[in-house]
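Here the protein sequences come in this chain order: A and B. Here numbering that gives the first Met the number 0 is used: the first residue of the first sequence is 0, the next is one more, and so on. Here numbering that gives the first Met the number 0 is used: the first residue of the second sequence is 0, the next is one more, and so on. From the three backbone atoms N, C-alpha and C, an ideal C-beta is built for every residue, glycine too. Only one structure is covered here, and it is reproduced in the block below.
Protein chains: 2
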Amino acid sequence: MADSKFDRDLVRGSLDLMVLSVLADDGRNYGYEIQRRVREASGERVKLPAGTLYPLLHRLEAAGLILSQWDDSTGRRRKFYKLSAAGRRRLKSDADAWLAHVRCVRLLLSSVVDLDGPGGEPASA
Amino acid sequence: MADSKFDRDLVRGSLDLMVLSVLADDGRNYGYEIQRRVREASGERVKLPAGTLYPLLHRLEAAGLILSQWDDSTGRRRKFYKLSAAGRRRLKSDADAWLAHVRCVRLLLSSVVDLDGPGGEPASA
DNA sequence: GTAGATAGGTTGATCAGCGATATATCGGTG
DNA sequence: CACCGATATATCGCTGATCAACCTATCTAC
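Right, here's the structure in full:
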């Protein structure tokens, strides 16, 4: 499961946001690790394949939101990314827009489903 | 504002969900009204243009999630849609998946932004 | 050596969103 | 009546993101 058309589109709207968030958290990270961070953070839900990840990073860099720097000092050839000032601003505004949108959808869903659905409050389970 | 690349992709992941939710709320509704309901429910954020709306409805119908019926009795030629049994099941499961995903992204964002950001609690504004 | 993980990358097919465009009706105004 | 804007549905074509598949290269372990 977790690879239907719905799941892909679900992820689509928050992929950039998730990657920017990971970089904000870590300060500095490289593609392969970002991939694992997103996969783990999402509970294996978001697989973020290489064919999506690298074009995405290049797109964010071209937009001036992240900065790259090659690092071979560890033996492994890695391209590290970090947020630019514009990237930090973008993360903030995109996060606000995302949260606002989530509130709207939750409102629509409120009369339809149980918002504290399966896995909602693990502490009480 | 509210029509950037980010906003479009933001919406993409929950458009089907929003339309299904509106139909679950209303029981029975037609395209033009669904369009207005979504626009209002989203605080004018989601415009849902005709070029998106109608292909979307056709797709949901082809998938057996909604059922259509023409109605000319009011003078206006309208195509009413309602959820099928499969559509109700799908709404429930998609809503659960969406809520689970939202929880993950919120977790990633928690260390980055204020989750009760602007417009969070209108009562206190 | 060779298999698998790490690390980065591209390409092509697919498909959804949406602006533009088309059609038709209804109600109101000049 | 003619005209216009709102209502109502629909399609076409462009754009752009996702991702399976594929490629290269290095490191570790067997």
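Which residues does DSSP pair with B/Arg75 in a beta bridge? In the second sequence, residue 75 of chain B corresponds to position 76, counting from 1. BP columns for B/Arg75 are empty, so no partner.
Could you tell me which of B/Leu66, B/Leu107, B/Ala40, B/Asn28 sits nearest to A/Leu106, measuring between CA atoms? Residue mapping note: residue 106 of chain A aligns to position 107 of the first sequence, counting from 1. Looking at the Cα atoms, B/Ala40 is the closest of the given residues.
Could you spell out the range, first to last residue, of the beta strand (DSSP E) harbouring A/Asp70? Position 71 of the first sequence, counted from the first residue, corresponds to residue 70 of chain A. Element bounds for A/Asp70: 65-70.
Taking DSSP as the reference, what is the three-state secondary structure of B/Lys46? One-based indexing of the second sequence puts residue 46 of chain B at position 47. In the structure shown, B/Lys46 sits in coil (DSSP, three-state: anything other than H, G, I, E or B).
Could you list which residues in chain A have their beta carbon closer than 8 Å to that of B/Ala94, in chain order? Reading the second sequence from its first residue, position 95 is the one you call residue 94 of chain B. Per Cβ cutoff of 8 Å: Leu108, Val111, Val112, Gly116.
Given a cut-off of 8 Å, decide if A/Val21 and B/Ala94 are closer than it, judged by their beta-carbon atoms. If you number the second sequence from 1, residue 94 of chain B lands on position 95. If you number the first sequence from 1, residue 21 of chain A lands on position 22. Annotated as distal: B/Ala94 and A/Val21, with beta-carbon spacing of 8 Å or more.
A/Leu98 CB to nearest chain B CB: under 8 Å? By one-based count along the first sequence, residue 98 of chain A stands at place 99. At least one chain B Cβ lies under 8 Å of A/Leu98.
B/Ser129 CB to nearest chain A CB: under 8 Å? The structure shown does not extend to residue 129 of chain B, since chain B is modelled only from 0 to 124, so the question has no answer here.
Going along the chain, which residues of its own chain have a beta-carbon closer than 8 Å to the beta-carbon of A/Cys16, five neighbours each way excluded? Taking the first residue of the first sequence as position 1, residue 16 of chain A is located at position 17. Looking at the sequence shown, residue 16 of chain A is not Cys but Leu. Taken in chain order, the residues that qualify are Leu90, Asp93, Ala94, Trp97.
Leaving out the 5 sequence neighbours to the left and right, which residues in its chain are closer than 7 Å to A/Tyr53 when beta-carbon positions are compared? Within the first sequence, the letter at position 54 stands for residue 53 of chain A. Excluding residues within five positions, the ones whose Cβ falls inside 7 Å are Gly30.
Counting C-beta neighbours from all protein chains within 10 Å, is the total for B/Asp6 16 or more, i.e. buried, or is it exposed? As a position in the second sequence, residue 6 of chain B is number 7, starting the count at 1. B/Asp6 is buried by the Cβ-count criterion.
Min CB distance B/Arg11 to chain A below 8 Å: Residue numbering aside, residue 11 of chain B sits at position 12 when the second sequence is read from its first letter. At least one chain A Cβ lies under 8 Å of B/Arg11.
If you measure beta-carbon to beta-carbon, which residues of the stretch 55-69 of chain A are closer than 7 Å to chain B? Per Cβ criterion, the list is empty.
What first and last residue would you give for the alpha helix (DSSP H) that runs through A/Met27? What you label residue 27 of chain A is simply residue 28 of the first sequence in a count that begins at 1. One detail in the question is off: residue 27 of chain A reads as Arg in this sequence, not Met. No alpha helix (DSSP H) contains A/Arg27, which DSSP labels as neither H nor E.
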